[in-house]
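Trainee:
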Amino acid sequence: MANVPVILALEHYDRHVPFLDGSIQIEGVDLNVICCGTAVRHPGMLRRGEYDAAETSLASYLAARDQGLPVTAIPIFPRRLFSQSQMYRNLEAGIESPSDLVGRRVGLNSYQTTLSVLAKGDLEHEYGVPWKSITWCSSAEDLIETDLPPDVRVERLPEGADTGSLLAEGKLDAFMSPRPPSSYVGGDPRVGRLFADPRAEERAYFHRLGYFPIMHLVALKAELDEQHPWLAPTLFEAFLRAKAEIVRRYEGDPNWSLLAWGRQFLEEERRELAPDVWPNGLAANRSNLERFIRYAHEQGVIQSPMPEDSLFTASTHAT
-13 MANVPVILAL
-3 EHYDRHVPFL
7 DGSIQIEGVD
17 LNVICCGTAV
27 RHPGMLRRGE
37 YDAAETSLAS
47 YLAARDQGLP
57 VTAIPIFPRR
67 LFSQSQMYRN
77 LEAGIESPSD
87 LVGRRVGLNS
97 YQTTLSVLAK
107 GDLEHEYGVP
117 WKSITWCSSA
127 EDLIETDLPP
137 DVRVERLPEG
147 ADTGSLLAEG
157 KLDAFMSPRP
167 PSSYVGGDPR
177 VGRLFADPRA
187 EERAYFHRLG
197 YFPIMHLVAL
207 KAELDEQHPW
217 LAPTLFEAFL
227 RAKAEIVRRY
237 EGDPNWSLLA
247 WGRQFLEEER
257 RELAPDVWPN
267 GLAANRSNLE
277 RFIRYAHEQG
287 VIQSPMPEDS
297 LFTASTHAT
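Residue numbers (the working numbering): -13 to 305.
(1) Would you kindly check if the distance between the Cβ of residue 276 and the Cβ of residue 107 is under 8 Å?
(2) Closest to residue 80 by C-alpha separation, out of 214, 52, 160, 13, would be which residue?
(3) By Cβ distance, which residues of its chain are closer than 8 Å to residue 227, with the 5 residues on each side in sequence left out?
(4) What's the gap between the Cα of residue 41 and the Cα of residue 34?
(5) With a cut-off of 8 Å on the beta carbons, I'd call residue -4 and residue 26 a contact; round off their distance for me.
(6) When you compare only the Cα positions, how much space is there between residue 100 and residue 229?
(7) Can you list, in chain order, the stretches of the beta strand (DSSP E) that have 3 or more residues and sit fully within the region 104 to 136?
(8) Quick test of your reading: residue 153 and residue 93, contact by CB under 8 Å. State the CB separation rounded to the nearest angstrom.
(9) I need the DSSP call for residue 185, collapsed to helix, strand or coil.
(10) Go to residue 75, then tell me how far its alpha helix (DSSP H) extends in each direction, as first and last residue.
(11) Report the option in 78, 127, 70 whose CA atom is closest to the CA atom of residue 104.
(12) Would you say residue 96 and residue 127 are within 8 Å of each other, going by their C-beta atoms?
(13) With a Cβ-Cβ cutoff of 8 Å, do residue 98 and residue 129 count as a contact?
(14) Can you tell me whether residue 244 is buried or exposed? The criterion is at least 16 other CB atoms within 10 Å of its CB, across all chains shown.
(15) Do the CB positions of residue 291 and residue 280 come within less than 8 Å of each other?
(16) Following the continuous alpha helix (DSSP H) through residue 210, name the residue where it begins and the one where it ends.
(17) If residue 220 sits next to residue 61, beta carbons under 8 Å apart, how far is it from one beta carbon to the other, in whole angstroms?
(18) Would you mind sorting residue 212 into buried or exposed? The rule is 16 or more other CB atoms within 10 Å of its CB.
(19) Expressed to the nearest angstrom, what Euclidean distance is found between the alpha-carbon atoms of residue 114 and residue 206?
(20) Within the region 253 to 297, note down every full alpha helix (DSSP H) run reaching 4 residues or more, in order along the chain.
(21) Rounded to whole angstroms, what's the CA-CA distance from residue 68 to residue 278? Just pull it up for me.
(22) Could you check where the beta strand (DSSP E) with residue 63 kicks off and where it finishes?
(23) Less than 8 Å between the beta carbons of residue 6 and residue 37, yes or no?
(24) Look at the Cβ atom of residue 39, then the Cβ atom of residue -8, and state whether they are nearer than 8 Å.
(25) I need the DSSP call for residue 94, collapsed to helix, strand or coil.
(26) Do residue 58 and residue 208 come within 8 Å of each other at the CB atom, strictly closer than that value?
(27) Starting from residue 169, trace the alpha helix (DSSP H) in both directions and tell me its first and last residue.
(28) Indicate the three-state DSSP secondary structure (helix, strand or coil) for residue 43 in the structure shown.
(29) Quick check on residue 141: does DSSP put it in helix, strand or coil?
(30) Suppose the cutoff is 7 Å on Cβ atoms and the five residues either side in sequence are ignored; what does the same chain contact list for residue 188 look like?
Right under this line is the structure:
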């Protein structure tokens, strides 16, 4: 039987290096790995079906499934972020705590960006700040068009607007994004993080909820899963092998990371959070997914809640 050709689109993360350097081989699969960023990969997979499988936004994947698009997924989660470190403020705007965001203008990549959904939900459920009390200013259109609740205040920023400059100039009071604003990266004294000690906030969040929030999963064309039901669990196992290889590299060579204290950071993370904050599989991530699905439904990203199992191929439900 001929091998199944699979085009797999991934970000250039350390956990994907074994795919990118060719050390991961999958029996029965002719694997073509394409390394590309979110602006290409997410619409390429969810809108145009250009890849057989791809790392994609959790929020946009939920919206795609909610609208019946022909896509499924495997429970591999290659990107995770806490929201607290990704919240920035104008230091001259009188914002000292999350409650000061009520009535403010807060910038986002897009309303539907996974970090945006997480941040809005965390503000309300963890800090008592109603997310509908904020005007959300997005710099991009949502990947999957949805009908938002009528009482949600969303403004589209001008095309090409530099959100970092808008934040520094006080035209945005705060900004929440998976990537830091240019003004913060550049050391502008008018811009800082919302929380004085975001690591402490995130440590407490992890111990309350028990997980590191998921940003991305690996989507798969539904027709490919129907034609080759063995493929999803085979890809799942390949991702587990790639992750195990990268963990071995971090554990075996203190200089494998560019960070001078990379090995110490790994040891500290394991002590303060958990031995593995990147678990894959459905069983270890149910509460993580359930809470995010609830956030997405509350915010109108999806019209109906969905069981966690329904997001993934039947062949990976036992993972």
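For glycine and all other residues, C-beta sits at the position ideal for the given N, C-alpha and C.
Mentor: The short version:
(1) No, Cβ-Cβ distance for residue 107 and residue 276 is not below 8 Å.
(2) 160
(3) Take residue 227, set aside five residues on each side of it, and the residues of its chain with a beta-carbon closer than 8 Å to its own are 4, 10, in chain order.
(4) 14 Å
(5) For residue -4 against residue 26, the beta-carbon gap comes to about 12 Å, at or over 8 Å, which does not count as contact.
(6) 23 Å
(7) 121 to 124
(8) 6 Å
(9) helix
(10) Element bounds for residue 75: not the alpha helix (DSSP H) but the beta strand (DSSP E), 73 to 76.
(11) 70
(12) yes
(13) yes
(14) exposed
(15) If you check the CB distance, residue 291 and residue 280 come in under 8 Å.
(16) 208 to 213
(17) Contact doesn't hold; Cβ gap of about 14 Å is too wide.
(18) exposed
(19) Rounded to the nearest whole angstrom, the CA to CA distance from residue 114 to residue 206 is 37 Å.
(20) 272 to 284
(21) 12 Å
(22) That run of the beta strand (DSSP E) goes 57 to 66.
(23) In this structure, residue 37 does not lie closer than 8 Å to residue 6 by Cβ.
(24) yes
(25) strand
(26) yes
(27) 168 to 171
(28) strand
(29) strand
(30) Listed in chain order, the non-local C-beta contacts of residue 188 below 7 Å within the same chain comprise 68, 70, 71, local neighbours out to five positions each way being set aside.
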